[in-house]
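For reference, the structure discussed in these notes is given below.
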Amino acid sequence: MNSKIYLSSPHMGGTEQDYINSAFKTNWIAPLGPNVTSFEEAIESYLGKDSKVAALSSGTAALHLALILLGVERGDEVICQSMTFSASANPIVYQGATPIFVDSEPETWNMCPLYLENAIKDRISKGKKPKAIIAVHLYGMPYKVDEINAIAEKYDIPIIEDSAEALGSTYKDKKCGTFGTISILSFNGNKIITTSGGGALVSKDKAVKEKAIFLATQARDNAPHYQHSHIGYNYRLSNICAGIGCGQMEVLDKHIELRRQMNLFYKDLFSTSEGITVFTEPSDQLRSNHWLSCIVVDPEKSRFTSEEIRFALENDNIESRPLWKPMHLQPVFKDAPYYGNSVSEGLFKKGICLPSGSNLTTEEKKRIMTVLTQFV
Ligand SMILES: *Cc1c(COP(=O)(O)O)cnc(C)c1O
1 MNSKIYLSSP HMGGTEQDYI NSAFKTNWIA PLGPNVTSFE EAIESYLGKD
51 SKVAALSSGT AALHLALILL GVERGDEVIC QSMTFSASAN PIVYQGATPI
101 FVDSEPETWN MCPLYLENAI KDRISKGKKP KAIIAVHLYG MPYKVDEINA
151 IAEKYDIPII EDSAEALGST YKDKKCGTFG TISILSFNGN KIITTSGGGA
201 LVSKDKAVKE KAIFLATQAR DNAPHYQHSH IGYNYRLSNI CAGIGCGQME
251 VLDKHIELRR QMNLFYKDLF STSEGITVFT EPSDQLRSNH WLSCIVVDPE
301 KSRFTSEEIR FALENDNIES RPLWKPMHLQ PVFKDAPYYG NSVSEGLFKK
351 GICLPSGSNL TTEEKKRIMT VLTQFV
């Protein structure tokens, strides 16, 4: 059997181990320390625009704290992009609030501004104004920032920007992770950079960063004994994991270039294929990190389905995966309200993600090419 080719596997730059060694040498084996601080500073200078970053144990934890910081409570409603990974929506339920799902538009596959406004108007007419909007840059593709922001401003609703998949992507030359009232990042094992597990909360307000760290470290009041006036969480990032992050930040831009080359690899491969569309930026104002490269297969034109491609790849031990199944179609969210027109459903039925890692070898690309060429 050929060795397995993954969709997206960790890709170390080389210096990660040095940061880990220094944590051991100085005995900072804790969820705080010099690597945590350096990692936060590295992300802050990368994002620029006065970004303040709190390093956390996961992107999910960052979303949870973002909701708390925006005052989301039991009985509230929060709007969320339907086509996303479940981690975007789960923290709404942690807070006892109700997710309201909104469909995608076909250009960026992200939140549709028209259905967003429909949803807001309808919820308000039913007596409840949504407390927040969770918009996602899926697969690294920036959502329609100007359009979504304009609606959020019109109705005065804060945006939580889920940039878990989009570190390094840009919209009108500004970095994703800087567009939300609060933004979040993820450094899970499969993301564009990894700390094995980790995440971050980003804000322009230093007080928000400090409050996030306060809540993430069990909400200890300023007192010699342990004194608490809030419910706290254990959500801070380990100094060991942050060391991996410090090393990864050194190679982030290089790895983004390699992911973008993978997208070009698929565009070349399918350039003459009828019925296969490689997901790329709709305009040069958007620049995706192409965390994952995806294709949509129209079986009427191609005469085969995305599932047939997936099985052929699987036969050669190459991983691929259908696109995110929209949240409004998930059994766990079957009762949640949904506003849309089946765009995300259509994408889910016809699309797959292909191996996209920055560390794919020439040999591995050849194997992928050999399997896919049968479909060209
Ligand atoms: C990975 C991911 C998350 C969650 O991040 P974790 O660090 O795995 O908790 C949230 N939203 C999206 C869109 C993701 O892809």
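All the letters of the sequence shown, read from the start, carry residue numbers 1 to 376 under the working numbering. C-beta: ideal position from N, C-alpha, C; glycine also. As the structure is a computational prediction, the values presented were derived from the model and not from experiment.
Check	Outcome
Is residue 101 near ligand 1, in the sense that its beta carbon is under 7 Å from a heavy atom of that ligand?	no
With a threshold of 7 Å, establish whether the CB of residue 357 neighbours any heavy atom of ligand 1.	no
How many Å lie between residue 98 and residue 80 at the Cα?	10 Å
Report the rounded CA-to-CA distance for residue 274 versus residue 268, giving the unit in angstroms.	13 Å
In this structure, what does DSSP give as the bridge partners for residue 430?	What the structure shows of the chain is the stretch from 1 to 376, and residue 430 is not part of that stretch, so it cannot be assessed.
Using only alpha-carbon positions, find the residue among 290, 131, 56 and 42 that is nearest to residue 250.	42
So, helix, strand or coil for residue 183, using DSSP?	strand
What's the C-alpha gap between residue 310 and residue 321?	7 Å
Please list, in chain order, all residues of the same chain as residue 285 whose beta carbon is under 6 Å from its beta carbon, the five residues on each side excluded.	172
Mind checking whether residue 48 and residue 199 have CB atoms under 8 Å apart?	no
Quick one: is residue 264 buried, meaning 16 or more other Cβ sit within 10 Å of its Cβ, or exposed?	exposed
Considering only the beta carbon of each residue, do residue 84 and residue 327 sit closer than 8 Å?	yes
Would the beta-carbon of residue 161 be found less than 7 Å away from any heavy atom of ligand 1?	no
Distance check for residue 113 and residue 123, CA to CA, integer angstroms please.	15 Å
Who does residue 162 pair with in a DSSP beta bridge?	136 and 184
Please state the DSSP three-state secondary structure of residue 289.	coil
State yes or no: is the C-beta of residue 222 nearer than 7 Å to some heavy atom of ligand 1?	no
With a cut-off of 8 Å on the beta carbons, I'd call residue 261 and residue 194 a contact; round off their distance for me.	In fact, because the Cβ distance is near 20 Å, the residues do not count as touching under 8 Å.
Can you name, in chain order, every residue of its own chain whose Cβ lies under 8 Å from the Cβ of residue 4, other than the five neighbours on each side?	317, 318 and 319
Please indicate yes or no: does the CB of residue 325 lie closer than 7 Å to some heavy atom of ligand 1?	no
Let me know if residue 205 comes out buried or exposed under the rule of 16 or more other beta-carbons within 10 Å of its beta-carbon.	exposed
On the premise that residue 293 lies in contact with residue 141, defined as a C-beta separation below 8 Å, what is that separation, rounded to the nearest angstrom?	No, residue 141 and residue 293 are not in contact; Cβ-Cβ is about 11 Å, not under 8 Å.
At a cut of 8 Å, does the region 330-350 reach the region 20-35 through at least three beta carbon pairs?	no
Reducing DSSP to helix, strand and coil, say where residue 81 ends up.	strand
Can you tell me whether residue 233 is buried or exposed, with buried defined as 16 or more other CB within 10 angstroms of its CB?	buried
Please look up how many angstroms separate the CB atoms of residue 138 and residue 163, rounded, as I've assumed it's under 8 Å.	At roughly 11 Å, the Cβ-Cβ gap does not stay under 8 Å, so residue 138 and residue 163 are not in contact.
Could you check if residue 385 belongs to the surroundings of ligand 1, using beta carbon to heavy atom distance under 7 Å?	In the structure displayed, the chain extends from 1 to 376; residue 385 sits before or after that span and is not available.
Return yes when at least one heavy atom of ligand 1 lies under 7 Å from the C-beta of residue 108, else no.	no
Report the option in 363, 372 and 178 whose CA atom is closest to the CA atom of residue 45.	178
Taking 7 Å as the cut-off, is the C-beta of residue 136 nearer than that to any heavy atom in ligand 2?	Absence of ligand 2 from the depicted structure is noted, with ligand 1 being the only ligands included.
When you compare only the Cα positions, how much space is there between residue 90 and residue 64?	9 Å
Where does residue 228 land, buried or exposed, given buried means 16+ other C-beta within 10 angstroms?	exposed
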